[in-house]
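Sequential numbering of the sequence shown, starting at 76, is according to this note's numbering. Every residue, glycine too, gets a C-beta built ideally from N, C-alpha and C. All remarks here apply to the structure that follows.
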Amino acid sequence: YFLQYIPFIKELKRMVLSGDFSWSWNSFLGAGFVESYSYYTVFNIFAWIAILFPDKYILYGTMLITILKFSISMVSSMLYMKRFCKKDAYALIGALLYTFSGFTLVNTSFYFFLDVICLFPFLMYGLELLIVEDKSGIYVWFVALNAITNYYFFISTVFIVIIYIIFRLELYKFPYKKETGKKLKNFIIYSVIGTGLASICLIPSCYAIFGSGKARENIG
76 YFLQYIPFIK ELKRMVLSGD FSWSWNSFLG AGFVESYSYY TVFNIFAWIA ILFPDKYILY
136 GTMLITILKF SISMVSSMLY MKRFCKKDAY ALIGALLYTF SGFTLVNTSF YFFLDVICLF
196 PFLMYGLELL IVEDKSGIYV WFVALNAITN YYFFISTVFI VIIYIIFRLE LYKFPYKKET
256 GKKLKNFIIY SVIGTGLASI CLIPSCYAIF GSGKARENIG
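Right under this line is the structure:
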């Protein structure tokens, strides 16, 4: 947290103020900025909030933003769980268990893990709206936001969502196969649209990563 993530955020701020996103001389022996930081800060909305603080207060700013992430996690998981609970109190208990789970607390030292934890339930909430009410807006935007925030965790999200949609469509048991097919088609279309919106960040990240010597090396 102190030796890695805080310096990464400070380097983002330095690069922004310099107006040069190509090369960071402060990283390693010098490295491409997008290649080195796209996983951490370049497209991360919370990192951009953190750089609004003066340098000497960035550490304290990240602590406030951590509280913000917990708050967003409560709201997002509450929204999702309310759809399956008879009483709001049950959804609140579920949201507390999700937000302050062992996984969350153990990984608080990995500052950027919390971004995915707080945004993921919004995506699932949007997916439910897409399946049940044919409302696509929330799903599309949060697919894009999850992809932009952390491309690595987004890969895991894709697998989770695919497994989820298979079981949810089976549980809903729509009376007509045609209706199930339509829901599945909408899911695919809007998933592609959401990912496409994120391509403005995903394409530079992929280009930088696969252009790295490390990506082309073989093991053994």
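- Short of 8 Å from the beta carbon of G269, and not among the five residues preceding or following it, lie these beta carbons of its own chain, in chain order: Y214, V215, W216, F217, V218, A219 and A222.
- Between the alpha carbons of I294 and S184 lies a distance of about 30 Å.
- Secondary structure at A106: strand, using DSSP grouped into helix, strand and coil.
- Assignment of alpha helix (DSSP H) within the segment 151-196, counting only whole runs of 4 or more residues, yields 163-174 and 177-181 in chain order.
- Assignment of W100 by DSSP, reduced to helix, strand and coil, places it in the coil class.
- Rounded to whole angstroms, F108 and W123 show a C-alpha spacing of 15 Å.
- Annotation: the continuous alpha helix (DSSP H) that includes V218 extends over G212 to T224.
- Judged by pairs of C-beta atoms under 8 Å, the segment 96-113 does not touch the segment 127-139, as fewer than three such pairs exist.
- Apart from sequence neighbours up to five positions away, the residues of its chain that approach F83 with a beta-carbon distance below 7 Å are Y112, Y115 and T116, ordered along the chain.
- Around the beta carbon of I275, fewer than 16 other beta carbons lie within 10 angstroms, which makes this residue exposed.
- Between T224 and D190 the beta-carbon gap is near 5 Å, inside 8 Å, which marks them as a contact.
- If you draw a 10 Å sphere on the C-beta of G201, you find 16 or more other C-beta atoms in it, and that means buried.
- Going by beta carbons, Y155 and M199 fall inside the 8 Å limit.
- Shown here, V117 sits in coil according to DSSP, grouped into three states, outside any helix or strand.
- The alpha-carbon of R158 is positioned some 22 Å away from that of K144.
- S151 is a Cβ neighbour of P196, given a cutoff of 8 Å.
- The beta carbon of F188 is closer than 6 Å to those of N182 in its chain, skipping five residues each way along the sequence.
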